[in-house]
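**Q**
In the numbering used here, the protein residues as written are 2 to 359.
1. Do residue 268 and residue 222 have their beta-carbon atoms positioned less than 8 angstroms apart in this structure?
2. Classify residue 294 as buried or exposed, calling it buried when 16 or more other Cβ atoms lie within 10 Å of its own Cβ.
3. What are the start and end residues of the beta strand (DSSP E) that includes residue 243?
4. Out of 345, 131, 315, state which residue places its alpha-carbon closest to the alpha-carbon of residue 1.
5. Out of curiosity, what's the CA-to-CA distance linking residue 1 and residue 113?
6. List the DSSP bridge partners of residue 134.
7. Exposed or buried, which one is residue 61 when buried takes at least 16 other CB atoms within 10 Å?
8. What span of residues does the beta strand (DSSP E) with residue 41 cover, start to end?
9. Along the chain, where does the alpha helix (DSSP H) that runs through residue 347 open and close?
10. Give me, in chain order, the residues of the same chain whose beta-carbon lies closer than 7 angstroms to that of residue 151; leave out the 5 immediate sequence neighbours on both sides.
11. Is residue 241 closer than 8 angstroms to residue 111 when the C-beta atoms are compared?
12. Does residue 190 come out as helix, strand or coil in the three-state DSSP assignment?
13. In the DSSP assignment, find the beta strand (DSSP E) that holds residue 8 and state where it starts and stops.
14. Contact between the region 121 to 132 and the region 220 to 238 is defined here as three or more beta-carbon pairs at a separation below 8 angstroms; is this criterion met?
15. Between the alpha carbons of residue 359 and residue 137, how many angstroms are there, rounded?
16. Is it buried or exposed, residue 1, if we count other Cβ atoms within 10 angstroms and call 16 or more buried?
17. Look at residue 207 and residue 255 and say whether their C-beta atoms are less than 8 angstroms apart.
18. Taking the alpha-carbon of residue 11 as reference, which of 36, 33, 5, 41 has the nearest alpha-carbon?
19. Can you tell me where the beta strand (DSSP E) holding residue 222 begins and where it ends?
20. Using CA atoms only, rank isn't needed, just tell me which of 78, 309, 76 is closest to residue 70.
21. Check this for me: beta carbons of residue 264 and residue 298, under 8 angstroms apart or not?
22. Can you tell me which of 180, 195, 201, 156 puts its alpha carbon nearest to the alpha carbon of residue 166?
23. In this structure, does DSSP put residue 184 in helix, strand or coil?
24. Would you check if there are 3 or more beta carbon pairs closer than 8 angstroms linking the region 184 to 191 to the region 213 to 227?
25. Quick one: what's got a C-beta closer than 6 angstroms to residue 337's C-beta in the same chain, skipping five residues either side?
26. Would you mind sorting residue 332 into buried or exposed? The rule is 16 or more other CB atoms within 10 Å of its CB.
27. Just the Cα atoms here: how many angstroms apart are residue 228 and residue 2?
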């Protein structure tokens with residue numbers, strides 16, 4: 002029997018509700034496939050501020066470092082809007098990514114056939130399905146570069162510096178090519194090489210890495226064109242690799258194309274097999290505790306954990322198939338409800354997925 006230790010950062014708002022269902026699914030997978038999953042619940046975000054005065058307590062960080070992977074719910078909410086910037090709940094995410102060395106964010110943008118009508122684009126553009134994977138560099142670039150204030154040409158000005166080292170670009174490019182080898186062997190590298198020196202360096206380095214993966218087709222696209230092409234012809238993309246800031250924007254755009262943000266998971270990976278897995282939706286404090294939050298994104302995040310950290314592809318596929326079966330059977334949480342479907346709550350949706358697991 003294989004054993005895995007998972008640190009659970011349930012967080013704030015609907016985080017505890019959706020992670021509860023995700024844990025139940027992992028336990029069922031353990032029963033079916035003879036694995037033992039051990040869960041260690043720790044605090045981060047707003048709840049950690051309330052309990053300890055810090056958004057990311059040292060104890061939480063240490064437990065996450067020891068775990069085989071981290072399952073995250075969501076953090077933040079208006080209750081902590083006036084907390085100092087370096088201790089806001091969201092800073093816990095940056096801290097976890099940085100301290101755990103999680104430099105690659107994998108975010109799928111998937112349109113499930115049963116939810117094709119939720120897509121805001123015309124059917125002739127997307128068909129009845131879409132499957133794009135955005136690989137975003139997560140710990141470098143303008144978000145982590147030098148920043149500050151200085152006297153400029155027109156008086157005081159603020160600055161944020163975009164900088165990437167060869168090592169940082171190489172490792173995120175390798176991640177993109179590796180996952181492309183498991184998919185359709187096609188990578189689009191997005192940059193702004195017609196304007197930015199950092200992007201010209203990015204493109205040059207990605208081309209060098211591509212030589213190690215001759216089976217993968219590599220194309221390049223400027224970020225402004227990529228933003229347009231995601232709307233105009235999203236099916237041309239398979240794996241998109243890009244910088245921190247461009248990935249932040251494009252992954253949000255891609256998620257809205259699916260029309261069902263409550264169904265989209267993500268993975269943050271580093272050099273080791275451990276990673277952090279989380280739904281892309283926020284903490285949604287306005288619906289917390291009402292049993293109406295959609296747990297599917299959190300549940301699909303566990304499927305990504307099984308696939309990328311634990312190399313349990315068969316088990317991951319079982320979760321994904323169970324989710325598909327529930328959606329095809331017409332069950333919907335309020336956020337994806339449509340006429341003729343059967344509305345269910347958070348717990349019932351989780352129970353239905355457990356029922357279809359095999």
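Here a beta-carbon is modelled for each residue, glycine too, at the ideal position from N, C-alpha and C.
Quick caveat, the model's predicted, so the values are computed rather than measured.
**A** Per the coordinate set shown:
1. Pairing residue 222 with residue 268 gives a Cβ-Cβ distance that is not under 8 angstroms.
2. buried
3. 240 to 243
4. This structure cannot speak to residue 1, because the chain is shown only from 2 to 359.
5. Because the chain here runs from 2 to 359, residue 1 falls outside it and cannot be looked at.
6. Beta bridge pairing from DSSP links residue 134 with 109, 240.
7. buried
8. 36 to 42
9. 347 to 357
10. 158, 160
11. No, Cβ-Cβ distance for residue 111 and residue 241 is not below 8 angstroms.
12. Correct three-state label for residue 190: strand.
13. 3 to 12
14. yes
15. 33 angstroms
16. With the chain covering only 2 through 359, there is no way to say anything about residue 1.
17. no
18. 41
19. 218 to 223
20. 309
21. In this structure, residue 298 lies closer than 8 angstroms to residue 264 by Cβ.
22. 201
23. coil
24. yes
25. 261
26. It is buried - the Cβ of residue 332 has at least 16 other Cβ atoms within 10 Å.
27. 46 angstroms
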